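Residue numbers (our numbering), protein chains in the order written: chain A, 1 to 310; chain B, 311 to 620; chain C, 621 to 930; chain D, 931 to 1240. Working notes, structure below.
4 protein chains.
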Amino acid sequence: MADLGFVGLGVMGGRIARRLLAAGHRVTGYNRTKTKAQWLLDVGMRWAESPRAVAQAANVVFTMVTDTAALHAVAHGADGVLAGLAPGKIYVEMSTVSPAASRDLAGDASGRGAQMMDAPVSGSVSTLEEGRLSIMVGGDRSAFERIKPILLDIGPTVTYVGGNGQAVLMKIATNLSLAVHMLAFSEGVALAEKGGIARETAVAVLLSSVVASPMLKYRGPFVLRPPDEAWFDVTMMQKDLGLALELGRQLSVPLPTTAVTNEWLSAARSMGLGGRDFAAVFEVVTYLAGIQKRGIQDLDSETHAQRTGR
Amino acid sequence: MADLGFVGLGVMGGRIARRLLAAGHRVTGYNRTKTKAQWLLDVGMRWAESPRAVAQAANVVFTMVTDTAALHAVAHGADGVLAGLAPGKIYVEMSTVSPAASRDLAGDASGRGAQMMDAPVSGSVSTLEEGRLSIMVGGDRSAFERIKPILLDIGPTVTYVGGNGQAVLMKIATNLSLAVHMLAFSEGVALAEKGGIARETAVAVLLSSVVASPMLKYRGPFVLRPPDEAWFDVTMMQKDLGLALELGRQLSVPLPTTAVTNEWLSAARSMGLGGRDFAAVFEVVTYLAGIQKRGIQDLDSETHAQRTGR
Amino acid sequence: MADLGFVGLGVMGGRIARRLLAAGHRVTGYNRTKTKAQWLLDVGMRWAESPRAVAQAANVVFTMVTDTAALHAVAHGADGVLAGLAPGKIYVEMSTVSPAASRDLAGDASGRGAQMMDAPVSGSVSTLEEGRLSIMVGGDRSAFERIKPILLDIGPTVTYVGGNGQAVLMKIATNLSLAVHMLAFSEGVALAEKGGIARETAVAVLLSSVVASPMLKYRGPFVLRPPDEAWFDVTMMQKDLGLALELGRQLSVPLPTTAVTNEWLSAARSMGLGGRDFAAVFEVVTYLAGIQKRGIQDLDSETHAQRTGR
Amino acid sequence: MADLGFVGLGVMGGRIARRLLAAGHRVTGYNRTKTKAQWLLDVGMRWAESPRAVAQAANVVFTMVTDTAALHAVAHGADGVLAGLAPGKIYVEMSTVSPAASRDLAGDASGRGAQMMDAPVSGSVSTLEEGRLSIMVGGDRSAFERIKPILLDIGPTVTYVGGNGQAVLMKIATNLSLAVHMLAFSEGVALAEKGGIARETAVAVLLSSVVASPMLKYRGPFVLRPPDEAWFDVTMMQKDLGLALELGRQLSVPLPTTAVTNEWLSAARSMGLGGRDFAAVFEVVTYLAGIQKRGIQDLDSETHAQRTGR
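Okay, here's the thing in structure tokens:
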């Protein structure tokens, strides 16, 4: 059992904190909107009034936020995590930001005698809840050994990738496939459907085929019935592809399918689908292919039709 | 137990025939090169001297060949399967050809009082051997019910997709994802590797992530060590993408990731990799990214270097 | 002055025949729909009752039709051009078909003692009428020298490209740029417009820039006001890109921008724009970018909206 | 005649300053490396010791530098252009930076009572020297009218595009076509060449066709003989495409051909061609297509071969 801290108790962060509590750890948490953390307080999480206070209360402090700006907001400043770090503490940063931003932060933590690890996850809410989350870790090797048992309480696959920033690089290199797979899946479904096969049948066949990754198994059915709330929305996904493409440019690695897919995400945002799960790339394909939409999506198409004057 | 016939005993066809024999069926087979079928004769398969003779000896006859030309060769003519069909027989065609070619052949079978079904499979040798092959079936519904028990002896997932030609359409709509996934995977590995992560680590992380489809689980490791022989080579894959893109044009369904990936397959063929497993798209990425190749691949790069005068 | 024949008096063919008449040649013509050729008969063209009769009446016979099927229809059969060829005659084929189809036809002509040349043109109606048409020629070199003076009566740039089929290859290699340029132009206009610049201004600036090819100078303004009739429609353009991509596959030359553009043409066709000038790729961009359409285009968008149930 | 200042006397900037001198203006200049400006001093340009001093000496001051960082360096700080601005002066910024960066700078200039205009150019050294340069201008309308006569001394086409930042937006929207056209041209040449047509012939036909923009007329021949020095190198071009793609993401305008082309520029940089004129995308195509390179390029390919261990 360890004294842990957790800043950023959103859809993923909150559920990870819940697992840490369930594993018997003492967890002190902070979230910008406290009400969203009430369910965790109800099961024993302690509350702190700032990221700094969280870091002060814990030996190992986690952050998991949306993007670089949000990370800056919780890490820096008088009330930030960094201000609460002290020699010997470990800071586990689970957000997906650029490797450079991650390395900068690790340098700041080091300046306070602490060690930062980048530890992004691969998987979604369902992967997490099924206890199958994969965690990549970058940073000091011996610090990794210290936190590994705690990370294994979150998910069964914990992989040491390399020095600071390497785990977020690996995360970015993984996430590009999420978007590309979803678009290729959409192409297949649309081709089958316009060729006369029922959409349900096309989805069923694809999901029993060898291309059915865990991601497609949970996200593929969204083309039949969109989820009530986005698990990972178009705008977030485009942020990740943006990181990938920028790294591709810096490292001069051509990323042909990533680049093409990114433009479809732009099209999805333009159609007003930016806040929808990125399975919405399917809507761009059906929209362009002239395939009739159904059910819940009609709302969006109406909005777009009005906006474009049609 | 049924009287079955099998024409085309290659890598996949031979192994399917083996499963049918193992399930207790009487199987009569034919292959252009008889020696390649010896192992099947050794376990009880009967031999016929022509596709026609196979069809005459069986109630249900299967064909599984490389492309439209090869299918034409075994199906038509005096010694072809069609010539051996008779009222009540069922012809199960497992090759990947265009839906139009498949429908034409079904019409020919119908003209002889028989029924043809298109029944392509999703999966590879390993999927088949693990008893996890997925089979899609197009054609007459009641004929489907008759052959379904036999198909279940091949693999556990047998899905009725629709009328003649619909199963090959579905197969084509599935296969485009194979190639796209492999290219996106290659982009991720190359990005990680050029960013300083060991290739083995990158592959391991990707294969424990949510994008790890069954296909990537067996094919992904090929970027570490190419297989001794191609399971599905670049040229074959490009044939399938060509079918997809042509259908996309006919049905006016845009296929952005498929189109881009197809050009990388052209590049792979240009680099002399046409006969290599299509995991070789990775080589195009590393070639362009200036990542040092290793081991067995050096042979190819030398050849290319010589050919291009470098 | 020469005895010429012309089969296929459509938008381009008719105007080319007109130029040949104006240059003083004796021209015998044939068109499937005779009424469309009346304006040429009025200025002195002679009429023949079949392609064969045209070939019999002429020393040099031209054909210019839509595609391979149409070419087959006028060239083969009892009434076809080939049947009217005789030793010493030259057959100048100006359609855009595959190099292989062109070479086959050249072989047939050779079998009758005549010589066929492929002589596709680069340019549009306006290029032709301004006397600036460019003609590429493939086939026998000495036959080329014989017809060169006649071709110079059509346009000022006549280039010998190589053996039979090489000129259509060159035409295909040229035409891919037409479509790609128009899509890139559309991307630029849409980006400027959504960024707040008036569409008219964006078009004006682009057309005074170094990217303003002759093609863009006449086609670019179509994004402001579509032409009354298509000069070269989406379906025709996609036929040409299809030839390019198929050649790319055969010769293993990757064609990245061509492949991507082809998918946008599919999207345009899906939106009901197949019969519109291929400048309609702009509509796909604005459609996806959520930019309000204007004027004459509204008709199409309504149709699409109805068809897709929106 | 006006009192002008010019900061950034590189390949383009220097030649523009030369034209201003030739038109009779008094020009005070500054360049980081003074020796590169000697030829201008020889024809009457005055020298100032800092950008600030240039701005103090002039009523209208120009800057033309490589990127945002370079612009920051010459505009800000104690010795920067801004420090030398005073009420009534006009600052004409000709670099290609993001619209946001341009607007920020305009705000800074406004804070000193001066007015900034963004005035990027479309065209190259040759366009400029032939007196055919096109200049786009963004900013205050009446300030535009004041500087228009001066800009007409640089090139004949001066277009008012809109408010601050709109001209660089338009420039970015134009430049994406440069790269895309060059890649499409390369695809056409490679397809023709691998199909048996001499490269010189393919280039000649394309450059006499309707796709031959002014840009292709001067840059197309680079695939036959690379220029002694890059006019606009791969890295610079990728900077501009990066600005376009980022704007496309912000404004949600899909840019399919731009995105694909950008990845080929990454490939070119990876092949060691980052400092070469962006016509080098042709090398990526021929490299992938297995077409033998010739002459001066061999040097690069050797370097790449060594680096990749081949």
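Each residue gets a CB set at the ideal place from its N, CA and C atoms; glycine is no exception. Computed from a predicted structure; not experimentally measured.
Taken atom to atom, the span from the alpha-carbon of tyrosine 91(A) to that of valine 1211(D) is near 45 Å.
Per the coordinates, the alpha-carbon of alanine 143(A) lies some 22 Å from the alpha-carbon of glycine 80(A). Taking 8 Å as the CB threshold, glycine 505(B) stays off the interface with chain C. Counting only unbroken stretches of 4 or more residues, the alpha helix (DSSP H) elements lying wholly within the segment 1120-1185 of chain D are 1129-1137, 1144-1149 and 1164-1181, in sequence order. Going by beta carbons, leucine 206(A) and phenylalanine 232(A) fall outside the 8 Å limit.
The DSSP-derived three-state label of serine 715(C) is coil.
Counting only the Cα atoms, leucine 1082(D) lies some 15 Å from glycine 943(D). The beta carbon of leucine 534(B) sits closer than 7 Å to those of Arg509, Glu510 and Val513, all from its chain and outside the five residues before and after it, given in chain order. Residue contact with chain A for serine 829(C): absent (no Cβ-Cβ distance below 8 Å to any residue of chain A). In the structure shown, valine 995(D) adopts coil according to DSSP, grouped into three states. Alanine 522(B) places its beta carbon less than 8 Å from that of serine 213(A). Cβ atoms of alanine 312(B) and histidine 335(B) come within 8 Å of each other, at about 5 Å.
The segment 693-772 of chain C is shown to contain whole beta strand (DSSP E) runs of 3 or more residues at 710-713, 735-738 and 754-758, in chain order. Taking all protein chains in view, the Cβ of tryptophan 1194(D) is crowded by 16 or more other Cβ atoms within 10 Å, so the residue is classified as buried.
When C-beta distances to chain B are compared with 8 Å, the residues of the segment 275-288 of chain A below that value are Val285 and Leu288, in chain order. For the segment 561-574 of chain B, the residues whose beta carbon sits under 8 Å from a beta carbon of chain D are, in order, Pro566 and Val570. If you check the CB distance, leucine 501(B) and glycine 248(A) come in under 8 Å. In this structure, the alpha-carbon of leucine 555(B) lies about 7 Å from that of leucine 565(B).
Between methionine 525(B) and chain A, the shortest Cβ-Cβ separation is below 8 Å.
The beta-carbon distance between alanine 109(A) and glycine 84(A), rounded to whole angstroms, is 11 Å. This is too long to meet the 8 Å contact definition.
Restricting attention to Met374(B), Arg586(B) and Gly320(B), the CA atom closest to the CA of valine 478(B) is found in Met374(B). Per DSSP, reduced to three states, the secondary structure at glycine 10(A) is coil, with no helix or strand assignment.
Exposed is the label assigned to aspartate 228(A), since fewer than 16 other Cβ atoms lie within 10 Å of its Cβ. Straight across, the Cα-Cα distance linking isoleucine 482(B) with histidine 491(B) is about 15 Å.
Under the Cβ distance rule, methionine 404(B) does not count among the residues neighbouring chain A, no pair being separated by less than 8 Å. Leucine 330(B) sits in a helix when the DSSP states are folded into three classes. For aspartate 277(A), the pairing in a beta bridge is given by DSSP as Asp233(A).
Here asparagine 164(A) is near aspartate 118(A), since their CB atoms are less than 8 Å apart.
Taking a 10 Å sphere around the C-beta of glycine 220(A), we find 16 or more other C-beta atoms and assign the residue as buried.
By the rule that beta-carbons nearer than 8 Å mark a contact, serine 580(B) touches chain D. Interface with chain B (8 Å Cβ-Cβ cutoff): serine 886(C) is included. For proline 1050(D), the number of other beta carbons within 10 angstroms of its own is at least 16, and it is reported as buried. Counting the other Cβ atoms within 10 Å of the Cβ of arginine 1033(D) gives 16 or more, which makes it buried. Scanning its chain for C-beta atoms nearer than 8 Å, with the 5 sequence neighbours on each side dropped, one finds around asparagine 262(A) the residues Ala179, Gln238, Leu241, Gly242 and Leu245, in chain order. DSSP places arginine 666(C) within a strand segment (E or B) once states are collapsed to three.
Leu41(A) is the residue among Asn175(A), Leu41(A) and Lys34(A) whose C-alpha sits nearest the C-alpha of alanine 22(A).
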